[in-house]
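Read the structure below first, then the notes.
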Amino acid sequence: MTNPVPLAEIWRGPFLESVHMGHAVIVDGSGQIVQAWGDPAAIVLPRSSSKMLQALPLIESGAADAFGLKTEHLALACASHNGAAIHTDRVQAWLSHLGMGDDDFRCGPQMPDDPVAHKSLLCSDSSPCQYHNNCSGKHSGFLTLNKHIGGDPEYVRPEHPVQKAVLEAFEDLTGETSPGFGIDGCSAPNFATSLYGMARAMAFFATASEGQGTRASAAARLRDAMTAYPELVAGEGRACTELMRAMDGRVALKTGAEAFFIAIVPEKGWGIALKVADGTTRGSECAIAAILVKYGLLDLDHPATRKRMNTPIRNRRGVETGILRPAAGLL
């Protein structure tokens, strides 16, 4: 096993103050490794970076079309959203269309990260609902699939038909038997795989097109929904949204908790997966931006890039005291 390698660094003046170690790999459509840093075989929990995989059965089963879901719904099914009105209004309408309500969710309530929605709840002395949960779009997809197949209400149980369908798709596209799962923050099982397996699955999304078969058609629809609605996938100020906009929809991006990140690159047929070992988001955002810049997919000088890579660190007086930058070995 290869040890994690430096992916991002914090410099304070002339001193290397902190290092974010991790693993990253690029895989092409044939399953070949284009480049790797650290250990591609490292076993990982991809967390919310796996939402596209979790949404495949929603389309493959026919549930998405049976309930008239649009591209925006598919983007939300892949989202870790901020809980802004553009997210929660759509989720509530989706629930209503299913004849369901907030109590049908199993994701749990969450205070929204969107500042306007957050302030509104605080000022009204209201408690957050489950539709505010950043995973409520994914769970709306689960509920849609579950209603389509007539499953019992506890759709997050690992042995439930919804999650069995997710596992089948996950193992097929990663090309690996999952060694197990952890329970995610939204209570759904999150299946483990190798970093290589996750990048391989993303390469499938990168090379998929409608008409190639049920699974490829579903993958293409989800990928294209993400790039069509970057604001639904995350939200204003978030890396996924801002970097997808910066690349004009050429790349689909999705973060996951504990510093996971994936990229889907159709023009190269690549899937990219990375994991920062210490779980720090600033490290994973810097690393994914650096890889995208390295291969000419992202403009080094775009404001969304500079916000996350080669980023000045300032103290409370606004004095520049350091910099967040990619490790030399990543470039």
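Be aware that the sequence shown starts at 3, since it is given in the numbering used here, and climbs by one per residue. Every residue gets a Cβ at the ideal spot worked out from N, C-alpha and C, and that includes glycine. Source: prediction; values computed, not measured.
- Considering only H99, C242, F107 and S126, the residue with the shortest C-alpha distance to S189 is F107.
- In the three-state reduction of the DSSP assignment, R14 falls in the strand class.
- In the three-state scheme derived from DSSP, where H, G and I count as helix and E and B as strand, S142 is classed as helix.
- G152 and T229 have their C-alpha atoms roughly 31 Å apart.
- Minimum Cα-Cα distance from S50 among the listed residues G187, D105 and D104 corresponds to G187.
- As DSSP reads the structure, S196 sits in a beta bridge with I45.
- Between A203 and G24, the CB-CB gap reaches or exceeds 7 Å.
- Secondary structure in the segment 262-327: the beta strand (DSSP E) runs of 3 residues or longer, each lying completely within the stretch, are 262-267, 272-278 and 313-316 in chain order.
- For L123, the enclosing alpha helix (DSSP H) has its first and last residue at P117 to C125.
- Rounded to whole angstroms, the separation of the alpha carbons of A43 and P117 is 39 Å.
- Separation of the CB atoms of L76 and L224 is rounded to 6 Å, and the pair is thereby assigned contact status at 8 Å.
- No residue range can be given for V158, since it is assigned to no beta strand (DSSP E) and is classified by DSSP as neither H nor E.
- Secondary structure of F207 (DSSP, three-state): helix.
- Put simply, the backbone Cα of S98 is about 12 Å away from that of F69.
- Proximity to G298 across V253, R327 and G331 peaks at V253, based on C-alpha coordinates.
- Under the criterion of beta carbons closer than 8 Å, G184 and A57 do not qualify as touching, at roughly 19 Å.
- The alpha carbon of T313 has as its nearest neighbour, out of I12, V7, G101 and P8, the alpha carbon of I12.
- A Cβ-Cβ contact shorter than 7 Å links G271 with T209.
- Taking the Cβ atoms as the reference, S52 lies roughly 20 Å from V93, outside the contact range of under 8 Å.
- In the structure shown, Q56 adopts helical secondary structure according to DSSP, grouped into three states.
- For G85, the number of other beta carbons within 10 angstroms of its own is at least 16, and it is reported as buried.
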